[in-house]
Amino acid sequence: MGKALADAFAPARQVFAEVDDALGEKLSTIIWEGPADTLTLTENAQPALMAVSLAVVRVLEAEAGLDLKRDATFVAGHSLGEYSALAAAGAFSLADTARLLRTRGRAMQKAVPVGTGAMAALIGLELDQVVVVAAEAAQGQVCQAANDNGGGQVVVSGDKAAVERACEIAKTKGAKRAIILPVSAPFHCSLMQPAADVMAQAFAAVTVNAPAAPVVANVLAKPISDPTEIVRRLVEQVTGTVRWRECVSFMAGEGVTTFYELGAGKVLSGLVKRIAEGANGIAVGAPADIETFIQAHDPAKWEPVRR
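Last residue of the sequence shown? That's 584 in the numbering used here, and every number before it is there in order.
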């Protein structure tokens, strides 16, 4: 991911080089050449996904004159994407964001012994229903709603046995499907408290600025701009629910009709369309997407990419 973008645009290459320098290793080589099992380690996947998102942002700034302060009403991101959104808006430097996400990935992985936790997607139930399912399934263990993704998809996280019970209970309460997810740790639940403690320490060494546009925080589904609160909410996010459905609904309620997903993939663009009726979700991640963006926003600036 991101290879075609780096091949086509110097600002994208610069982002990957800065991330490599910040981490003291060639993460870009892992992103572009693999091996896949190394890239999917959460300590690599988190800074890698951020790097691709920031590469897109920097290219749009250089090629299309994007100015988030002028052009964006809000920024937002799903889980680690909240860090990408904040970096794009200038709250964190690119280097600090890469190091924070490396720290976050490692801390989350170490918080729970491998194989003792799990996550599952419950399809066809809404958040309030899943909260009831999780409480019933806990039985003295941890089972929490981790991600409210919208479109009738809520993810639960916690102790493996409790999550497995939640899958069975969900089916009796009308879930269309209950799918154990192939993840390496039970993210966004109280089992992640050791990782939250690590992140609280990590932020103490980082400069945080007010973002160019308010960030709609995962744990609040409301916009914030104060640096101290941004840090507090990111620490809470490690163990808290990613309230993505509510985040999108809030932005739509504030009059946002077009959502740009900058980076790898188009999952969030699809969710936006399912959450906010009439909203337009546009994924921008490849050189062709950049050309389309430029042409749509200022045809006079557009020319085929020859770089």
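Every residue gets a Cβ at the ideal spot worked out from N, C-alpha and C, and that includes glycine.
Just so it is clear, the structure is predicted and the values come from calculations on it, not from any experiment.
From residue i to residue j, what does the alpha carbon distance come to, in whole angstroms?
i      : j      : result
Phe527 : Pro312 : 39 Å
Val408 : Val389 : 22 Å
Ala447 : Arg520 : 20 Å
Asp314 : Ile308 : 11 Å
His465 : Ala283 : 32 Å
Ala481 : Leu378 : 14 Å
Leu304 : Ala332 : 14 Å
His574 : Val496 : 33 Å
Val483 : Arg454 : 42 Å
Ala414 : Asp474 : 27 Å
Val432 : Lys387 : 21 Å
Within a Cβ cutoff of 8 Å, which residues of the same chain sit near residue i, ignoring the five residues on either side of it in sequence?
i      : result
Ile457 : Ala395, Met396, Ala397, Val440, Glu441, Cys444
Arg584 : Caution is warranted here: a pLDDT of 33 is assigned to Arg584, below 50, making its placement in the model unreliable, and the coordinate value is therefore given only provisionally. So the list reads Ala285, Phe286, Ala287, once near-sequence residues are dropped.
My guess is that residue i and residue j are in contact by the Cβ rule of under 8 Å, so how many angstroms apart are they, rounded?
i      : j      : result
Arg347 : Pro288 : Contact flag wrong, Cβ pair sits at about 19 Å.
Ala541 : Gly562 : 6 Å
Val492 : Ile501 : 6 Å
Tyr360 : Met327 : 6 Å
Leu300 : Ala375 : 6 Å
Leu404 : Ala452 : The Cβ separation is near 13 Å, so there is no contact.
Leu402 : Lys450 : 7 Å
Ser467 : Thr516 : 5 Å
Leu337 : Ile567 : 7 Å
Buried or exposed, going by whether 16 or more other CB atoms sit within 10 Å of the CB of residue i?
i      : result
Arg381 : buried
Pro488 : buried
Ala565 : exposed
Grab me the residues of residue i's own chain with a C-beta within less than 7 Å of its C-beta, minus the 5 sequence neighbours each way, in chain order.
i      : result
Ile552 : Gly427, Gly428, Arg522, Val525, Ser526
Pro576 : Residue placement at Pro576 is flagged as unreliable, the pLDDT there being 49, under the threshold of 50; a coordinate-derived value is accordingly withheld.
Which residues in the same chain have their Cβ closer than 6 Å to the Cβ of residue i, if we skip the five residues on either side of it in sequence?
i      : result
Lys543 : Ala560
Compare the C-beta of residue i with all C-beta atoms of chain D and state if any pair is closer than 7 Å.
i      : result
Ala489 : In the displayed structure, chain D is absent; only one protein chain is listed.
- Message: Threshold first: 4 residues or longer. Then list the alpha helix (DSSP H) segments lying entirely within the segment 340-428, N to C.
- Response: Restricting attention to alpha helix (DSSP H) runs no shorter than 4 residues, the segment 340-428 encloses them at 345-348, 358-365, 371-388, 404-415, ordered along the chain.
- Query: Mind pulling the alpha helix (DSSP H) runs of 4 or more residues that sit fully within the segment 299-345?
  - Reply: Counting whole runs of 4 or more residues, the segment 299-345 contains the alpha helix (DSSP H) stretches 304-310, 313-316, 319-341.
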